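In numbering that gives the first Met the number 0, the protein residues as written are 0 to 435.
Where is the CB? At the ideal position from N, CA and C, for every residue including glycine.
As the structure is a prediction and not an experimental result, all values here were calculated from the model.
As structure tokens, the structure follows; a few thoughts come after it.
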Amino acid sequence: MTPSDVKATLSFSDGSPNMDLPIYKGTVGPDVIDIRKLYGQTGKFTYDPGFLSTASCNSTITYIDGDKGELLYRGYPIEQLAVGCDYMETCHLLLYGDLPNAEQKASFTARVTNHTMVNEQMQFFLRGFRRDAHPMAVLTGLVGALSAFYHDSTDINNPEHREIAAIRLIAKMPTLVAMAYKYTVGQPYIYPKNDLSYAGNFMRMMFATPCEEYKVSPVIERALDRIFILHADHEQNASTSTVRLCGSSGTNPFAAIAAGVACLWGPAHGGANEACLNMLGDIQKMGGVAKVGEFMNQVKDKNSGVKLMGFGHRVYKNYDPRAKLMRETCYEVLNELGLQNDPLFKLAMELEKIALEDDYFVARKLYPNVDFYSGIVQRAIGIPVPLFTAIFALARTVGWIAQLNEMIGDPEYKIGRPRQLFVGSPTRDVKPIGQR
Ligand code: CMC
Numbered sequence: 000m001t002p003s004d005v006k007a008t009l010s011f012s013d014g015s016p017n018m019d020l021p022i023y024k025g026t027v028g029p030d031v032i033d034i035r036k037l038y039g040q041t042g043k044f045t046y047d048p049g050f051l052s053t054a055s056c057n058s059t060i061t062y063i064d065g066d067k068g069e070l071l072y073r074g075y076p077i078e079q080l081a082v083g084c085d086y087m088e089t090c091h092l093l094l095y096g097d098l099p100n101a102e103q104k105a106s107f108t109a110r111v112t113n114h115t116m117v118n119e120q121m122q123f124f125l126r127g128f129r130r131d132a133h134p135m136a137v138l139t140g141l142v143g144a145l146s147a148f149y150h151d152s153t154d155i156n157n158p159e160h161r162e163i164a165a166i167r168l169i170a171k172m173p174t175l176v177a178m179a180y181k182y183t184v185g186q187p188y189i190y191p192k193n194d195l196s197y198a199g200n201f202m203r204m205m206f207a208t209p210c211e212e213y214k215v216s217p218v219i220e221r222a223l224d225r226i227f228i229l230h231a232d233h234e235q236n237a238s239t240s241t242v243r244l245c246g247s248s249g250t251n252p253f254a255a256i257a258a259g260v261a262c263l264w265g266p267a268h269g270g271a272n273e274a275c276l277n278m279l280g281d282i283q284k285m286g287g288v289a290k291v292g293e294f295m296n297q298v299k300d301k302n303s304g305v306k307l308m309g310f311g312h313r314v315y316k317n318y319d320p321r322a323k324l325m326r327e328t329c330y331e332v333l334n335e336l337g338l339q340n341d342p343l344f345k346l347a348m349e350l351e352k353i354a355l356e357d358d359y360f361v362a363r364k365l366y367p368n369v370d371f372y373s374g375i376v377q378r379a380i381g382i383p384v385p386l387f388t389a390i391f392a393l394a395r396t397v398g399w400i401a402q403l404n405e406m407i408g409d410p411e412y413k414i415g416r417p418r419q420l421f422v423g424s425p426t427r428d429v430k431p432i433g434q435r
């Protein structure tokens, strides 16, 4: 971290001594004020629920400028990666710091491809779930269970274990997500086929059956690969911070990633793509495009508890660059499949139009986020709505691992342990039950 010449001085109105706080500069983005000695010197904590102003770590992986609508993986703009690279190259970039050359790409892809199968016992583990279980419930369990199957890669402090766990997780996530799907529809699992691309193999495991081969359309394969690239990492979001916090206790990588999957499930985070599609379905049932105005009034009414899912972002206050790319893919896929007149798509476009012009959204800088479009694309290519967030988890796994490995390799890393402002009862005595 590069120290700044500027120092911050904290002063108190009760005459307590001032405290100088060092400032560090990033390569781009806001500087940070180092408050690590604050408690030791003043006996006070900082208060920042939701981490609105808190940098929890230093990182070299992903950079977001929310005002400019910029997203960089290791310095490369997402727009260039989405057009010029595939997901395997993106994984290499996030994990090892740079884009691979042709030889490195071939060797990395071969390593991942070697690990696409899961232990055969996994299918018996799956059988313990109800057939109608939510795929994210199943996936949280399956990913956590990997630590019970791969004992040779559970030591988070061993770089070789971390490396093999990383490759295994990236390789096995598509297999696990497809298995979770096949289980819910009662079809046999389809084993991975290693001469297909990462996205193509996933599509086949999802949609082939033992009696009918699935032919992967190149447009769809590319669309899915783009979904994977756009979701691969996103800086210190809720699930990534969860993975870091979980891993900071020294737990194994599979357990830490399972924690990330669980966090991602929430509708304010990765669950938004599913919530967005369900919202579109609800408006459709209310009467479709004709009812958009009525629905928007509910969204703007603070007491209704209704949100426009797929809109708004904690960091992007201009536009979400991933949404722009996903919107393009959305049009490509719907054209390829002849679904331009799909009623839900039309409804989504109407919502988007109204929201972009409405004062409520304009004043609050609320724009469509990636999930607004990714749900429409996934539905068009036949992925069932409850599986959307599992696909987000599949794609984000590489980001979680890269962030986890970065944390473990950081000499400043400590177990994460936030403090609190206690506002409950001070000490009191327990009375015998008859006197309470
Ligand atoms: N619909 C209606 N109002 C909204 C929405 C929305 N989707 N998002 C924010 N607002 C309002 C919010 O009520 C608040 O209004 P006011 O200032 O009058 O109180 C204002 O906009 C600022 O919102 P906030 O809740 O302070 O913003 P936040 O940074 O805490 O929340 C968010 C960000 C993503 C959780 C939120 O925008 C949201 O719930 N959006 C819908 C869910 C969604 O699409 N999530 C996916 C995020 S992108 C994928 C990912 O990274 O996981």
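Review point. For Leu-71, which residues from the same chain have a beta carbon less than 6 Å from its beta carbon, with the 5 sequence-adjacent residues on both sides left out?
Key: Sequence index remark: in the sequence shown, residue 71 carries index 72 (1-based). Cβ within range, chain order: Tyr-62.
Check your understanding: On the three-state DSSP scale, how would you describe Ser-3?
Key -> As a position in the sequence shown, residue 3 is number 4, starting the count at 1. Of the three classes helix, strand and coil, the one that applies to Ser-3 here is strand, per DSSP.
Check your understanding: For Met-308, which residues of its own chain have a beta-carbon under 6 Å away from its beta-carbon, when the five flanking residues on both sides are left out?
Key -> Here residue 308 is taken as the residue at index 309 of the sequence shown, counted from 1. Excluding residues within five positions, the ones whose Cβ falls inside 6 Å are Ala-271, Ala-274, Cys-275, Met-278.
Check your understanding: Excluding five sequence neighbours on each side, which residues of the same chain lie with their C-beta closer than 7 Å to the C-beta of Ala-7?
Key -> In the sequence shown, counting from the first residue as 1, residue 7 sits at position 8. Answer for Ala-7: Leu-20, Ile-22, Ile-32, listed in chain order.
Check your understanding: With DSSP run on the structure shown, which of helix, strand or coil describes Val-288?
Key -> Working through the sequence shown from its first residue, we reach residue 288 at position 289. Of the three classes helix, strand and coil, the one that applies to Val-288 here is helix, per DSSP.
Check your understanding: Is the distance from the Cβ of Leu-386 to the Cβ of Pro-134 below 8 Å?
Key -> Counted from its first residue, the sequence shown places residue 386 at position 387. Counted from its first residue, the sequence shown places residue 134 at position 135. Going by C-beta atoms, Leu-386 is nearer than 8 Å to Pro-134.
Practice item. Evaluate Met-325 with the Cβ neighbour count: other Cβ atoms within 10 Å of its Cβ, from every protein chain shown; 16 or more gives buried, anything less gives exposed. Key: Numbered from 1 along the sequence shown, position 326 holds the residue referred to as residue 325. Flag for Met-325 reads buried.
Review point. Around the ligand CMC, what residues have a beta-carbon under 6 Å from a heavy atom of it, in chain order?
Key: His-233, Asn-236, Ala-267, His-268, Gly-269, Ala-271, Val-298, Lys-306, Leu-307, Met-308, Gly-309, Phe-310, Gly-311, His-312, Arg-313, Arg-363, Leu-365, Asn-368, Val-369, Asp-370
**Study point:** Val-31, DSSP secondary structure in three states
**Key:** Numbered from 1 along the sequence shown, position 32 holds the residue referred to as residue 31. Three-state result, Val-31: strand.
Review point. So the alpha helix (DSSP H) Leu-71 belongs to, where does it begin and stop?
Key: For the purposes of this step, residue 71 is taken as the residue at position 72 of the sequence shown. Element bounds for Leu-71: not the alpha helix (DSSP H) but the beta strand (DSSP E), 69-72.
Exercise for review: Please name the residue, chosen from Glu-351, Asp-151, Ile-400, that lies closest to Tyr-318 on a Cα-to-Cα basis.
Suggested key: Here residue 318 refers to the residue found at position 319 of the sequence shown. Nearest C-alpha to Tyr-318: Glu-351.
Review point. Just reading off the alpha helix (DSSP H) that Thr-174 is part of, what are its end residues?
Key: In the sequence shown, residue 174 corresponds to position 175, counting from 1. 158-184 is the extent of the alpha helix (DSSP H) around Thr-174.
Point to revise | Euclidean distance between Cα positions of Lys-214 and Arg-203 | key: Along the sequence shown, one-based indexing puts residue 214 at 215. Along the sequence shown, one-based indexing puts residue 203 at 204. Whole-angstrom Cα-Cα distance: 7 Å.
Practice item. Please report how far the alpha carbon of Tyr-95 lies from the alpha carbon of Thr-241, in whole angstroms. Key: The residue labelled residue 95 in the question sits at position 96 within the sequence shown. The residue labelled residue 241 in the question sits at position 242 within the sequence shown. Roughly 22 Å between the two C-alpha positions.
Review point. For Lys-171 versus Thr-89, is the C-beta spacing smaller than 8 Å?
Key: Residue 171 sits at position 172 when you count from the first residue of the sequence shown. Residue 89 sits at position 90 when you count from the first residue of the sequence shown. No, the Cβ-Cβ distance between Lys-171 and Thr-89 is not below 8 Å.
Point to revise | Spatial neighbours of Leu-420 in its chain, beta-carbon cut-off 8 Å, leaving aside the 5 residues before and after | key: The count along the sequence shown starts at 1 and reaches residue 420 at position 421. The answer, listed in chain order, is Phe-44, Tyr-46.
Exercise for review: Can you tell me which of the three DSSP states Glu-349 falls into?
Suggested key: For this step, residue 349 is matched to residue 350 along the sequence shown. If DSSP states are grouped into helix, strand and coil, Glu-349 belongs with the helices.
Review point. Considering Leu-229, what are the terminal residues of the alpha helix (DSSP H) in which it resides?
Key: Position 230 of the sequence shown, counted from the start, is the residue given in the question as residue 229. Unbroken alpha helix (DSSP H) run through Leu-229: 217-229.
Point to revise | From Ala-54, Ser-216, Asn-17, Asp-30, residue whose alpha carbon lies closest to that of Leu-37 | key: Here residue 37 refers to the residue found at position 38 of the sequence shown. Nearest option by C-alpha distance: Asn-17.
Practice item. Quick one: measure Cβ to Cβ for Ile-60 and Glu-405, integer angstroms, because I've assumed they're closer than 8 Å. Key: Counting from one through the sequence shown, the residue named residue 60 turns up at place 61. Counting from one through the sequence shown, the residue named residue 405 turns up at place 406. Confirmed, Cβ separation roughly 6 Å.
Check your understanding: Mind checking Thr-396: buried by the 16 CB within 10 Å criterion, or exposed?
Key -> To locate residue 396, count along the sequence shown from 1; it is residue 397. Its Cβ being crowded by 16 or more others within 10 Å, Thr-396 is buried.
Review point. Count the other CB atoms within 10 Å of the CB of Gly-246; is the residue buried (16 or more) or exposed (fewer)?
Key: Within the sequence shown, numbered from 1, the residue matching residue 246 stands at position 247. Looking at its Cβ environment, which holds 16 or more other Cβ atoms inside 10 Å, Gly-246 is buried.
**Study point:** For Leu-365 and Gln-79, the rounded distance between their alpha carbons
**Key:** Against the sequence shown, residue 79 aligns to sequence position 80. Against the sequence shown, residue 365 aligns to sequence position 366. Answer to the nearest angstrom: the Cα atoms are 25 Å apart.
Point to revise | Residues of its chain near Val-5, where Cβ-Cβ distance is below 6 Å and the 5 sequence neighbours each way are ignored | key: Against the sequence shown, residue 5 aligns to sequence position 6. The residues are Ile-22.
Check your understanding: By how many angstroms is the C-alpha of Asp-281 removed from the C-alpha of Asp-30?
Key -> In the sequence shown, residue 30 corresponds to position 31, counting from 1. In the sequence shown, residue 281 corresponds to position 282, counting from 1. Computed Cα separation, rounded: 44 Å.
**Study point:** Tyr-372: first and last residue of the uninterrupted beta strand (DSSP E) it sits in
**Key:** The sequence position of residue 372 within the sequence shown is 373, counting from 1. Looking at the DSSP string, Tyr-372 is not in any beta strand (DSSP E); the run it does join, the alpha helix (DSSP H), is 369-379.
Check your understanding: Helix or strand or just coil, what does DSSP make of Thr-208?
Key -> As a position in the sequence shown, residue 208 is number 209, starting the count at 1. The answer is strand: DSSP assigns Thr-208 an E or B state.
Check your understanding: Can you tell me the Cα-Cα spacing of Ala-179 and Leu-229, whole angstroms?
Key -> Position 180 of the sequence shown, counting from 1, holds the residue named residue 179. Position 230 of the sequence shown, counting from 1, holds the residue named residue 229. Cα to Cα, the separation comes out at about 23 Å.
Check your understanding: With respect to the beta strand (DSSP E) encompassing Thr-115, which residues constitute its N-terminal and C-terminal limits?
Key -> Locating residue 115 in the sequence shown gives position 116, counting from the first residue. From DSSP, Thr-115 is part of no beta strand (DSSP E); its letter is neither H nor E.
Point to revise | DSSP three-state assignment for Lys-36, whether helix, strand or coil | key: Within the sequence shown, numbered from 1, the residue matching residue 36 stands at position 37. Note: Lys-36 maps to coil in three-state DSSP.
Point to revise | Per DSSP, the bridge partner or partners of Phe-310 | key: Numbered from 1 along the sequence shown, position 311 holds the residue referred to as residue 310. BP columns for Phe-310 point to Pro-367.
Review point. Where does Ile-60 sit, in a helix, a strand or coil, going by DSSP?
Key: By 1-based counting over the sequence shown, the position of residue 60 is 61. Of the three classes helix, strand and coil, the one that applies to Ile-60 here is coil, per DSSP.
**Study point:** As assigned by DSSP and simplified to three states, the class of Thr-53
**Key:** By one-based count along the sequence shown, residue 53 stands at place 54. DSSP places Thr-53 in coil when its eight states are reduced to three.
Review point. Taking C-alpha atoms, which residue in Ile-382, Ser-238, Ala-101, Asn-251 lies nearest to Gly-269?
Key: By 1-based counting over the sequence shown, the position of residue 269 is 270. Closest by alpha carbon: Ser-238.
Check your understanding: What is the DSSP secondary structure of Pro-252, reduced to helix, strand or coil?
Key -> The residue given as residue 252 occupies position 253 in the sequence shown. In the structure shown, Pro-252 sits in a helix (DSSP, three-state: H, G or I).
Check your understanding: Using the C-alpha atoms, what's the distance from Glu-159 back to Gln-122?
Key -> Walking along the sequence shown from the start, residue 122 turns up at place 123. Walking along the sequence shown from the start, residue 159 turns up at place 160. Going by the C-alpha atoms only, they are around 27 Å apart.
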